[in-house]
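Below is one structure, written out as structure tokens; the observations come after it.
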Amino acid sequence: MYKTKFFDHVILIVGCLLMLAPIIVAFTTSTHSAPEIHQKGLMLSLGDNFGETYHKVLFAQTGFNGTVTGLSMMLNSLILGLGFACGKIVLSMLAAYAIVYFRFRFATLAFWMIFTTLLLPLEVRIMPSYQVMSELHLLNTYTGLILPLLASATGTFFFRQFFKSVPEELLEAARIDGAGPVKFFIDILLPLSRSMIAAVFIIMFVYGWNQYLWPILMTTDESFFTLMRGIKQILQVWVGAQIPDYNEAFAMAVLAMLPPVLIVVVFQSWFIKGLTETDK
Amino acid sequence: MASIDINQVSKLYDGGVKAVNAVDIQIADGEFIVLVGPSGCGKSTLLRMVAGLESISEGVVRIGDRVVNTVEPADRDIAMVFQNYALYPHMTVRQNMAYGLKNRKTPKAEIDARVDEAARMLELQPYLDRRPRALSGGQRQRVAMGRAIVRKPAAFLFDEPLSNLDAKLRVSMRVEIRKLQRRLGTTSIYVTHDQLEAMTLADRLVVLNGGRIEQIGTPLEVYHTPASTFVASFIGSPAMNLITGHIDGNRLAIWPVGFTFDDEAAYRGEVTVGLRAEDLTVAAPGQPYLPFRVDYVEELGAVRLVHGFVGDQALCASLPVATALSGEMRLGVDPQKFHFFDREGRRLALPFAKARMTFGAEAATVSA
Numbered sequence: 051m052y053k054t055k056f057f058d059h060v061i062l063i064v065g066c067l068l069m070l071a072p073i074i075v076a077f078t079t080s081t082h083s084a085p086e087i088h089q090k091g092l093m094l095s096l097g098d099n100f101g102e103t104y105h106k107v108l109f110a111q112t113g114f115n116g117t118v119t120g121l122s123m124m125l126n127s128l129i130l131g132l133g134f135a136c137g138k139i140v141l142s143m144l145a146a147y148a149i150v151y152f153r154f155r156f157a158t159l160a161f162w163m164i165f166t167t168l169l170l171p172l173e174v175r176i177m178p179s180y181q182v183m184s185e186l187h188l189l190n191t192y193t194g195l196i197l198p199l200l201a202s203a204t205g206t207f208f209f210r211q212f213f214k215s216v217p218e219e220l221l222e223a224a225r226i227d228g229a230g231p232v233k234f235f236i237d238i239l240l241p242l243s244r245s246m247i248a249a250v251f252i253i254m255f256v257y258g259w260n261q262y263l264w265p266i267l268m269t270t271d272e273s274f275f276t277l278m279r280g281i282k283q284i285l286q287v288w289v290g291a292q293i294p295d296y297n298e299a300f301a302m303a304v305l306a307m308l309p310p311v312l313i314v315v316v317f318q319s320w321f322i323k324g325l326t327e328t329d330k
Numbered sequence: 150m151a152s153i154d155i156n157q158v159s160k161l162y163d164g165g166v167k168a169v170n171a172v173d174i175q176i177a178d179g180e181f182i183v184l185v186g187p188s189g190c191g192k193s194t195l196l197r198m199v200a201g202l203e204s205i206s207e208g209v210v211r212i213g214d215r216v217v218n219t220v221e222p223a224d225r226d227i228a229m230v231f232q233n234y235a236l237y238p239h240m241t242v243r244q245n246m247a248y249g250l251k252n253r254k255t256p257k258a259e260i261d262a263r264v265d266e267a268a269r270m271l272e273l274q275p276y277l278d279r280r281p282r283a284l285s286g287g288q289r290q291r292v293a294m295g296r297a298i299v300r301k302p303a304a305f306l307f308d309e310p311l312s313n314l315d316a317k318l319r320v321s322m323r324v325e326i327r328k329l330q331r332r333l334g335t336t337s338i339y340v341t342h343d344q345l346e347a348m349t350l351a352d353r354l355v356v357l358n359g360g361r362i363e364q365i366g367t368p369l370e371v372y373h374t375p376a377s378t379f380v381a382s383f384i385g386s387p388a389m390n391l392i393t394g395h396i397d398g399n400r401l402a403i404w405p406v407g408f409t410f411d412d413e414a415a416y417r418g419e420v421t422v423g424l425r426a427e428d429l430t431v432a433a434p435g436q437p438y439l440p441f442r443v444d445y446v447e448e449l450g451a452v453r454l455v456h457g458f459v460g461d462q463a464l465c466a467s468l469p470v471a472t473a474l475s476g477e478m479r480l481g482v483d484p485q486k487f488h489f490f491d492r493e494g495r496r497l498a499l500p501f502a503k504a505r506m507t508f509g510a511e512a513a514t515v516s517a
């Protein structure tokens, strides 16, 4: 077995510091007041405005009509992230199920068509997508936020590969045991895919949580603003001599990081299993 | 419980490959049939067609009185045991066994009773709440059998169920399967490439080669009267010696040695002579013999297999361990135990084999 040496630890510690430093600085800076930050720049020491700033970010009503709080933005982000992840999983699992288990003409073609959409990012089709949503009167709705982004080539590909690795005999045994396509999917395939689902869930949740461009386009109503928009909103108040609330921006960034971190921590053992497990 | 009738069944794959070719098997109620043959002979395909996992290209399969060609596997009233067990990894042993019954809307109490009964039969009671992952290969195979038993199907289909087990376990599971089948009296079709498994399990053997039936018969029939050179070389270990000879009138010339029949043979020309290793002995002094050049020896403990040549044709003799070995040996043969096959490899008609044969006095002494 490989014995860890002193030098290995040095590399790992340096790596950790590199990754953590910006976050720590963001946090410590967020505990100072805005004018202080404006004068002195980033700070490593803890300030004394922690409670006040975070309380304000979370609960104070901001925006033009004063109905948006940090909490409501976080809720929007959560809805977007969860809806995004769950929807993508359901859709891509069903697509992969059809491609792998049903013999129909052009199944391979269908798969490759889905697969090639990987090459087209959202930005390429953003105008047509917007137009479709607009004509369906889905602007400023959660449906409009989530629905156009649900089709996932990555997810379909992951699940296709996973389903292909499930032994054929399992399907045959289930068929003899009297399980139809729906039953097989729910009773056998779904429980087997648990760790795979967890892995895809993490990836998709973080991806959805971090969406920026699409929510900006889709929502003009402040009650649909997500955290990502909120951060930008705070920095957009440079009017006259007013100093932007740097502290609040930092605080919100730190808060915005928490849910994805939480999800990764909770699901991480499943995540690794899902991507590496071979024993079925 | 039911009989199974496989009538002129063929399997055609795209590109015109015939994996199974016009196979006819009538299986009686409660019979244990073993399909045996080398890889690619179509035995698994045939089994899967009976199971409904492969479509039937031509012919008819009947289970009981019902034609099942287009019936779903679940509705054919069969249960199947797979080579890799195919247990549901996320279910406990109990759930695995109960799944098929649950899908058939069997009452809960009945499911429990049947699972418990099967578990008792297979000595699986301590493992009922474990996952397959936590079981050994032999236990997993027993669970797979339990899953088949609880269904109380008309027929069991076994697809090389013992191939993944180690040699010792295979022998003991073989016995268990046989006993269980006797006890339940369920019609069974068992696929294997292992001729020993086939011999020990079968009521009747079906030897398949290239999608065709070579021979159907009880293990002893197949062993003692193989219908073709293929069956002769496939069934039995070591494989039957197959030697080229020549028949002319009432004389048979094989190796450098000749034999004389009492009667004129109804066949002339080249012939394949089959001879089991255990039918060769050491010739008693003064008796006619075959001059045998020893090449190498395999010790099996109970007997030793002596490989060598008579003339330029390889031969293997199974001799008692006590036999003294030397580079040149004199082997005795009993012409009664010869098997004859024609140029196409088919067994030659019995009257010929029954004819009493004697060593031609001068022929037996002809040497290489």
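So the protein lines, in turn, are chains S and B. Counting from 51, one number per residue, gives the positions in the first sequence under my numbering. Counting from 150, one number per residue, gives the positions in the second sequence under my numbering. Every residue gets a Cβ at the ideal spot worked out from N, C-alpha and C, and that includes glycine. What you are looking at is a predicted structure, and each value in this text was computed from that prediction instead of being measured.
Through-space distance from residue j to residue i, alpha-carbon basis
i	j	result
S/H187	S/L172	20 Å
B/E180	B/F305	11 Å
B/V603	B/Y237	Lying before the first or after the last residue shown, residue 603 of chain B is absent from chain B, which here runs from 150 to 517.
S/E218	B/E325	27 Å
S/I284	S/I87	15 Å
B/E477	B/V443	6 Å
S/L312	S/T276	18 Å
B/A316	S/G205	43 Å
B/V169	S/K53	58 Å
B/H373	S/A146	54 Å
S/T193	S/V216	34 Å
S/L94	S/Y104	18 Å
S/G91	S/A76	11 Å
B/M109	B/V230	There is simply no residue 109 of chain B to check, as chain B begins at 150 and stops at 517 in what is shown.
B/L273	S/V314	40 Å
B/V166	B/E207	13 Å
S/T117	S/D271	11 Å
B/G460	B/V217	56 Å
S/K330	B/I176	Because S/K330 carries a pLDDT of 46, less than 50, the predicted location of this residue cannot be relied on, and the following value inherits that uncertainty. Distance between the alpha carbons of S/K330 and B/I176 is about 36 Å.
Proximal chain B residues relative to residue i, where beta-carbon distance stays under 7 Å
i	result
S/K233	N252
S/I238	Y237
S/G335	The structure shown does not extend to residue 335 of chain S, since chain S spans only 51 to 330, so no value can be given for it.
Boundaries of the alpha helix (DSSP H) in which residue i is found, first to last residue
i	result
S/D58	56–80
S/L125	120–151
S/I281	277–285
Residue range of the beta strand (DSSP E) that includes residue i
i	result
S/G188	Here residue 188 of chain S turns out to be Leu, not Gly, going by the sequence shown. Counting along the chain, S/L188 falls outside any beta strand (DSSP E), and DSSP gives it neither H nor E.
B/R496	Counting along the chain, B/R496 falls outside any beta strand (DSSP E), and DSSP gives it neither H nor E.
B/A171	166–176
S/F212	Element bounds for S/F212: not the beta strand (DSSP E) but the alpha helix (DSSP H), 203–215.
B/I153	153–162
B/I182	181–185
B/I227	227–230
S/E222	Element bounds for S/E222: not the beta strand (DSSP E) but the alpha helix (DSSP H), 218–226.
B/V220	That residue, B/V220, is in no beta strand (DSSP E); it is neither H nor E in DSSP.
CB contact below 8 Å: residue i versus chain D
i	result
S/R225	Going by chain labels, chain D is absent from the structure shown, which instead holds the protein chains S and B.
Interface residues of chain B facing residue i [CB-CB closer than 8 Å]
i	result
S/P217	N233, A235
S/L220	A235, Y237
Closest residue to residue i among the options (Cα-Cα distance)
i	options	result
B/K101	B/R291, B/A151, B/L202, B/F307	The shown model of chain B, from 150 to 517, leaves out residue 101 of chain B, and the question about it has no answer.
S/T112	S/P310, S/K282, S/Q318, S/K323	S/K282
S/I149	S/F209, S/L128, S/S122, S/F100	S/F209
S/M268	S/L67, S/T158, S/P178	S/P178
B/S475	B/L497, B/T409, B/F441	B/F441
S/A134	S/E272, S/A229, S/L168, S/L200	According to the sequence as given, residue 134 of chain S is Phe; it is not Ala. Residue S/L200 is the option with its Cα nearest to S/F134.
B/H488	B/V406, B/T378, B/T336, B/P434	B/T378
S/I129	S/K233, S/W320, S/L197	S/L197
B/L424	B/V340, B/Q244, B/L314, B/G394	B/G394
B/P387	B/A463, B/R492, B/A303, B/A267	B/A463
B/E419	B/A432, B/G398, B/P434	B/G398
S/A249	S/K323, S/N260, S/S142	S/K323
Within chain B, the residues that residue i reaches when beta carbons sit closer than 9 Å
i	result
S/P241	Y237, P238, H239, M240
Residue i: contacting residues in chain S (beta-carbon distance under 9 Å)
i	result
B/A228	I226, D227
Neighbour list for residue i in chain S, Cβ cutoff strictly below 8 Å
i	result
B/A168	Ordered by position in chain S, no residue passes the 8 Å Cβ test against B/A168, which lies about 17 Å from the chain.
Neighbour list for residue i in chain S, Cβ cutoff strictly below 7 Å
i	result
B/A200	I226
My parser needs the alpha helix (DSSP H) runs of 4 or more residues fully inside the segment 375–416 of chain B; what are they?
378–383
Could you give the uninterrupted runs of the beta strand (DSSP E) lying entirely in the segment 313–381 of chain B, keeping only those of 3 residues or more?
336–341, 353–358, 361–366
Quick check on the DSSP output: what are the complete alpha helix (DSSP H) runs of length 4 or more inside the segment 267–304 of chain B, in order along the chain?
286–299
What are the uninterrupted segments assigned as beta strand (DSSP E) that are 3 or more residues long and contained completely in the segment 421–498 of chain B, given in chain order?
439–448, 452–459, 462–469, 477–481, 488–490
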